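Chemist: There's a structure below that I have some questions on.
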Amino acid sequence: MRVLLLSVLLFSAAISGNCGVYSNGCERISGISWSTITKYKVSCDFGGYVSKITEYVENYSNDACTSASFMSNEYQYSLKKTDNAENTKDSAEYTTVLKKATMKSSDTDALANRKIICTPAAKQGKTYSWKDITCKLFKIDMWSLYRDRLNSGEFKSTVVFKDQQLSFSAEAAINYKKVSSFLGCWQWWSILLLIVGIIIVVVAIVVLVMCLVKRKGSKKSGPKKAKK
């Protein structure tokens, strides 16, 4: 019973914690036929503080995110909470490192149509680190911040959770809604699955032992043959 209660508590923690996936769905970029879907996968340590944030951005060549994505971006952040006395699990300052920042174009013609010029020229289907490629929109390097962060190392950021929404200062000052409690919460789910697995094994062993004892007992109590 105690194990079952612990499983329920861990399940509740996985569902109600801050880890998970956050997204606002399709977002339109005004003034140009361009829309995006941004997703943040948030992982937390056992103390409930954020340990990793991975941002995925899909870019579409229409206003409704219904066409094929012409460019994919991935940004992977490693976070460690600072010693700030005001830190809480729902609002904390972190020492942050951008571990990965990439772009991949599945339609280089769509890049050119949106006046995105890359140096060296992006090859269709190839993944590039922002360290190795520069892409400018109307001659403005829109992704230079990621290149700078990859080269500079640590910086400070804040992560705030409120009303099932995420705000991450390292990115745009937009709140993103929680859409899933599964991805990113692998610690809690793995423990829960481990406990459930142990319970199943223990129950199976108990049932097997009881069956063996019962069978042995029935043999001993069976009718004895009369002596001649």
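Throughout the sequence shown, residue numbering follows my numbering, covering 30 to 257 in sequence. Idealized CB from N, CA, C, for every residue including glycine. All values reported here derive from a predicted model rather than from experimental measurement.
Does the contact criterion of 3 or more C-beta pairs under 8 Å hold for the stretch 102-118 versus the stretch 78-88?
Modeler: The stretch 102-118, when compared against the stretch 78-88, does touch it at the 8 Å Cβ threshold.
Chemist: Using only the heavy atoms of the ligand ATP, determine whether one of them is closer than 7 Å to the beta carbon of N91.
Modeler: For the ligand ATP, the structure offers nothing, since it holds no ligand at all.
Chemist: Measure the CB-CB distance between T125 and S62 and report whether it falls below 8 Å.
Modeler: Not a contact, by the Cβ cut-off of 8 Å.
Chemist: Distance, Cα to Cα, V242 vs V235?
Modeler: If you take the alpha carbons of V242 and V235, they lie about 10 Å apart.
Chemist: Would Y123 and V188 qualify as a contact pair, given that the criterion is a beta-carbon distance under 8 Å?
Modeler: Cβ atoms of Y123 and V188: closer than 8 Å.
Chemist: Assuming K207 and Y51 form a contact by the criterion Cβ under 8 Å, report the distance between their Cβ atoms to the nearest whole angstrom.
Modeler: About 5 Å; that satisfies the 8 Å criterion.
Chemist: What number of angstroms, rounded off, separates the C-alpha of K133 from the C-alpha of G49?
Modeler: Approximately 25 Å, taken between the alpha carbons.
Chemist: Would you grab the beta carbon distance between Y89 and S64 for me? Rounded to a whole angstrom, and I think it's under 8 Å.
Modeler: Contact holds; Cβ gap of about 5 Å.
Chemist: Could you tell me if R244 is buried or exposed, where buried requires 16 or more neighbouring beta carbons within 10 angstroms of its beta carbon?
Modeler: Classification of R244: exposed, given that the 10 Å Cβ count is below 16.
Chemist: Which first and last residues belong to the beta strand (DSSP E) in which S135 is found?
Modeler: It is not in any beta strand (DSSP E) - S135 carries neither H nor E in the DSSP assignment.
Chemist: Can you list, in chain order, the residues of its chain whose CB lies under 8 Å from that of L166, leaving out five sequence neighbours each side?
Modeler: R143, K144 and I145.
Chemist: Measure the Cβ-Cβ separation of Y85 and L195 and say whether it is below 8 Å.
Modeler: No. Outside cutoff.
Chemist: Mind reading off the beta-carbon distance from V199 to S158? Whole number of angstroms is fine, and I expect it under 8 Å.
Modeler: Reading the sequence as shown, one finds Ala at residue 199 and not Val. With 8 Å as the limit, A199 and S158 do not qualify as a contact, their Cβ atoms being about 18 Å apart.
Chemist: For Q193, which residues in the same chain have their Cβ closer than 8 Å to its Cβ, ignoring the five residues on either side in sequence?
Modeler: The answer, listed in chain order, is K206 and K207.
Chemist: DSSP puts F197 in a beta bridge; with which residues?
Modeler: DSSP lists V188 as partners of F197.
Chemist: Need the endpoints of the beta strand (DSSP E) that R57 sits in, please.
Modeler: Run containing R57: G49 to R57, per the beta strand (DSSP E) assignment.
Chemist: In the DSSP assignment, find the unbroken beta strand (DSSP E) run with Y175 in it and report its ends.
Modeler: Here Y175 belongs to no beta strand (DSSP E); instead the alpha helix (DSSP H) covers S173 to S181.
Chemist: Any idea what DSSP makes of K7, helix, strand or coil?
Modeler: Limits of the chain in this structure are 30 at one end and 257 at the other, which puts residue 7 out of reach.
Chemist: Short of 8 Å in beta carbon distance, which residues of its chain neighbour Q153, apart from the five on each side in sequence? Order them along the chain.
Modeler: Closer than 8 Å at Cβ, skipping near neighbours: S134, S135, D136 and T137.
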